[in-house]
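**Q** One structure, as structure tokens, below. Some questions next.
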Amino acid sequence: MGNRAKIKSLAAKFAPEFVEVRRHLHQYPELSFQEYNTCSFLKEQLLALGIMDIESVAGTGLLATINGREKGKTVLLRADIDALPIHEQNTIAYASTTDGVMHACGHDAHSASLLLCAKILMELKGDFQGSVKLLFQPAEELSPGGAISVIKEKAYTVLGSIPHIGQHVRPDIPVGKVGFRSGKFMASMDELFLTVKGKGGHAAMPEKIIDPVLIASHIIVAAQQLVSRVADPKIPSVLSFGKVIANGAINVIPNEVSIEGTFRTMDEDWRKTALEKLEKLVTTMAEAMGGSCELKINHGYPHLKNDSTLTENLRIQAKDYLGEENVEELDQWMAAEDFAYYTQHNPACFYMLGVGNTQENITSGLHTPTFNIDESALELGGGLMAWLALRTLSV
Ligand SMILES: [Zn+2]
Ligand SMILES: [Zn+2]
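See the structure below:
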């Protein structure tokens, strides 16, 4: 397997350069749909690698193509590029220079790994048949997400049902390891906004008011029966309310209460049914208590389903690349990710790259102000992606 050794040595040789690339991206993070400088930086990097076939997608995204020595299959590799509205607390030389914005989900590492992968593939252009599409996707972190815009692009729709491969960092997986899961892997995500209306007044005279705080309390408790009594226990479902505002006082009952939360599951039919049932439950319950409740839903990403054939094949290839002991079987994960859109119509696989290191104290979770990665993961991230892409083209 000459290619594997070659890819490994190229990944090791080029990795230091892409640690710098990742640090640059980390220093200059940009929020979803605003990745203008990130996009031009990535384009310069691609051009410097000799990749000239670059199309702009979804405003601040890029779709680049590397063609092998002759025509053949096509595979798409995806990295997301946006940062989060979090103020970095790491004291590192390359900490974010923008107040309140941080690469706290590792999208800087995803972009740097995909560039490293691109550099390796350019070196191997004469050795493979087919094409590799490199997608640098904006706005993963903000619903409706960048993926849905990419999917509508002409440059994307002409691709047809080609395999899609995405990689995401995970600090709870030790550096040097990766994780896969076939089938349903991540959850759908809908944002819920409830406004419970009553009639406020003096807390000492309940007979003259309609108490929206009490109605809201009943709604929060009753809504849990959706996941405990109505949902099929074999389908993961989560209903969480993280924000409740009843802006009254010790002796003042407010006119209304707002509640915000999220519903997540892994079945599109149940998702639709659950949201319908939730709406019915909250409106009828509020009415029965003399008030009203309006439910607004911001529909987020669908659930993410990894194609079994592709995923099993990639798992075998990953074991071949980094050893059986370094490829983990993952649990289902109730986080959401807009890579899910690609999994709806294409054979797709989203796998996890370990970036944690307890000895170095690199353990902070995704979306936290102290999140960081063990940068030695970039060599594996870039090399493995190149290997998986070439093996997929040759199947
Ligand atoms: Zn994230
Ligand atoms: Zn992410």
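When the letters of the sequence shown are read in order and numbered with our numbering, they come out as residues 31 to 425. Ideal placement from N, C-alpha and C gives every residue a C-beta, glycine not left out. Quick caveat: nothing in here was measured; it's all calculated off a predicted structure.
1) Can you check which of these residues, T388, L222, A217, Q197, is closest to F210 by C-alpha distance?
2) Given 7 Å as the limit, tell me if H194 has its C-beta closer than that to any heavy atom belonging to ligand 2.
3) Report the three-state DSSP secondary structure of I81 (helix, strand or coil).
4) Provide the residue span of the beta strand (DSSP E) that contains P201, from first to last.
5) What is the C-beta distance between L107 and V49, in whole angstroms, given that I count them as a contact (C-beta under 8 Å)?
6) Name the DSSP bridge partner or partners of A94?
7) Inspect the CB distances between the stretch 346–365 and the stretch 312–330 and report whether three or more fall short of 8 Å.
8) Touch check for the stretch 142–149 and the stretch 70–79: three-plus C-beta pairs under 8 Å?
9) With hydrogens ignored, establish whether the beta-carbon of D110 is closer than 7 Å to any heavy atom of ligand 2.
10) Using only alpha-carbon positions, find the residue among A45, S288, F380 that is nearest to K214.
11) Counting beta carbon pairs with one atom in the stretch 62–71 and one in the stretch 80–94, are three or more of them shorter than 8 Å?
12) Quickly, what does DSSP pair F380 with across the bridge? List them, please.
13) Should I289 go down as buried or exposed, given a rule of 16 or more other Cβ atoms within 10 Å for buried?
14) Going by Cα to Cα distance, which pick from T422, G190, L269, A42 is closest to H29?
15) Taking Cβ positions, are A370 and L334 nearer each other than 8 Å?
16) Give the list of continuous alpha helix (DSSP H) stretches no shorter than 4 residues that lie fully inside the stretch 31–59.
17) Check the C-beta distance from M426 over to I245 and give it rounded, since I have them as a contact under 8 Å.
18) How many Å lie between G330 and P236 at the Cα?
19) Is it true that the CB of M219 sits closer than 8 Å to the CB of R294?
20) Would you mind working out which of A142, A109, A276, L340 sits nearest S424, comparing C-alpha positions?
21) Can the beta-carbon of P266 be found less than 8 Å from the beta-carbon of M415?
**A** Let's see:
1) Q197
2) no
3) coil
4) 194–204
5) Going by Cβ atoms, the distance from L107 to V49 rounds to 20 Å, so no, they are not a contact pair.
6) I84, L164
7) no
8) yes
9) yes
10) F380
11) yes
12) G196
13) buried
14) Missing from the structure shown is residue 29; the chain here goes from 31 to 425 and no further.
15) yes
16) 32–57
17) Absent from the structure is residue 426, since the part of the chain shown begins at 31 and ends at 425.
18) 39 Å
19) yes
20) L340
21) no
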